[in-house]
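In the working numbering, the protein residues as written are 37 to 271. All C-beta atoms in this analysis are idealised placements derived from N, C-alpha and C, irrespective of residue type, glycine included. As the structure is a prediction and not an experimental result, all values here were calculated from the model.
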């Protein structure tokens, strides 16, 4: 009962923060990003999540970068918001239609992808490249969707191609523990421990094959994940 009550309060908190943050993102972006952090910390506190972060210094202090994280559950988003960095998001078009959340994402300059056969909208990705060149930190989940098993899914090429085209770093982020908070078809539960490990930035040379970059990233991510999941984790 307490889990469901706190979940309801977290959703209510999110709606209020998202609604309040819209004018701030439009007129006072720095204050808007503080609202983003408040959104994340509210979820962490209400759901009693114990968070351990390693490698926060690997996120560039200036200039654009793609923050490429594995995607275990819906809790990955507030968790990353709680880190206190001015994040932009690459999200599915449907998310932009969600009241409050969609409004806030649009106000903070999120990019919405309309899925097609290639897995990403080319025009949107060009806009993402422009944003990166202007110094944006853009969060991408290269798997394209949440895992249903806890295992790492096959990677889409979009994030790697965009980082290569814009010549900005791609920062690997390994999230462990959010899958246990909200496994598929289960209500979220409180009191879990979550670890975020942020690896060293990767730069993908213009001459490098995307398959090579994907494999390199995957190997690094699995190594970071294995630190907390144990050596039996194979991705």
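Cβ-Cβ distance between residue i and residue j below 8 angstroms
{"i": "residue 176", "j": "residue 202", "result": "no"}
{"i": "residue 46", "j": "residue 78", "result": "yes"}
{"i": "residue 94", "j": "residue 234", "result": "yes"}
{"i": "residue 104", "j": "residue 178", "result": "yes"}
{"i": "residue 111", "j": "residue 127", "result": "no"}
{"i": "residue 182", "j": "residue 109", "result": "yes"}
{"i": "residue 123", "j": "residue 173", "result": "yes"}
{"i": "residue 43", "j": "residue 224", "result": "yes"}
{"i": "residue 54", "j": "residue 116", "result": "no"}
{"i": "residue 240", "j": "residue 200", "result": "yes"}
{"i": "residue 192", "j": "residue 180", "result": "yes"}
{"i": "residue 261", "j": "residue 106", "result": "yes"}
Where residue i falls, given that 16 or more other Cβ within 10 Å makes a residue buried
{"i": "residue 92", "result": "exposed"}
{"i": "residue 114", "result": "buried"}
{"i": "residue 72", "result": "buried"}
{"i": "residue 251", "result": "exposed"}
{"i": "residue 83", "result": "buried"}
{"i": "residue 159", "result": "exposed"}
{"i": "residue 165", "result": "buried"}
{"i": "residue 23", "result": "The chain is shown only over 37 to 271; residue 23 falls outside these bounds and no answer can be derived."}
{"i": "residue 97", "result": "exposed"}
{"i": "residue 68", "result": "buried"}
{"i": "residue 134", "result": "exposed"}
{"i": "residue 146", "result": "buried"}
Backbone CA spacing between residue i and residue j [nearest angstrom]
{"i": "residue 59", "j": "residue 141", "result": "12 angstroms"}
{"i": "residue 238", "j": "residue 99", "result": "14 angstroms"}
{"i": "residue 213", "j": "residue 185", "result": "13 angstroms"}
{"i": "residue 62", "j": "residue 125", "result": "16 angstroms"}
{"i": "residue 256", "j": "residue 121", "result": "22 angstroms"}
{"i": "residue 220", "j": "residue 171", "result": "36 angstroms"}
{"i": "residue 102", "j": "residue 216", "result": "26 angstroms"}
{"i": "residue 243", "j": "residue 40", "result": "51 angstroms"}
{"i": "residue 139", "j": "residue 206", "result": "27 angstroms"}
{"i": "residue 64", "j": "residue 130", "result": "26 angstroms"}
Three-state secondary structure (DSSP) of residue i
{"i": "residue 168", "result": "helix"}
{"i": "residue 88", "result": "strand"}
{"i": "residue 47", "result": "helix"}
{"i": "residue 141", "result": "helix"}
{"i": "residue 128", "result": "strand"}
{"i": "residue 258", "result": "helix"}
{"i": "residue 214", "result": "helix"}
{"i": "residue 267", "result": "Note that residue 267 has pLDDT 46, beneath the 50 cutoff, so the model's placement of it is unreliable and the number below is only indicative. If DSSP states are grouped into helix, strand and coil, residue 267 belongs with coil."}
{"i": "residue 155", "result": "Bear in mind that the predicted position of residue 155 carries a pLDDT of just 48, short of 50, making it unreliable; the figure below should be weighed with that in mind. Coil."}
{"i": "residue 95", "result": "coil"}
{"i": "residue 234", "result": "strand"}
{"i": "residue 101", "result": "strand"}
{"i": "residue 55", "result": "helix"}
{"i": "residue 74", "result": "helix"}
Residue closest to residue i, alpha-carbon to alpha-carbon, out of the options
{"i": "residue 57", "options": "48, 229, 74", "result": "74"}
{"i": "residue 169", "options": "262, 204, 110", "result": "204"}
{"i": "residue 85", "options": "66, 231, 261", "result": "231"}
{"i": "residue 132", "options": "243, 150, 119, 120", "result": "150"}
{"i": "residue 70", "options": "119, 90, 89", "result": "119"}
{"i": "residue 163", "options": "248, 198, 257", "result": "198"}
{"i": "residue 273", "options": "121, 229, 88", "result": "Because the chain in this structure spans residues 37 to 271, residue 273 falls outside the shown range and cannot be described."}
{"i": "residue 88", "options": "236, 209, 254", "result": "209"}
{"i": "residue 66", "options": "143, 129, 41", "result": "143"}
{"i": "residue 90", "options": "236, 254, 246, 245", "result": "236"}
Proximity test, residue i beta-carbon vs the ligand FMN heavy atom, cut-off 7 angstroms
{"i": "residue 80", "result": "Absent from the structure shown: the ligand FMN. Ligands present: none."}
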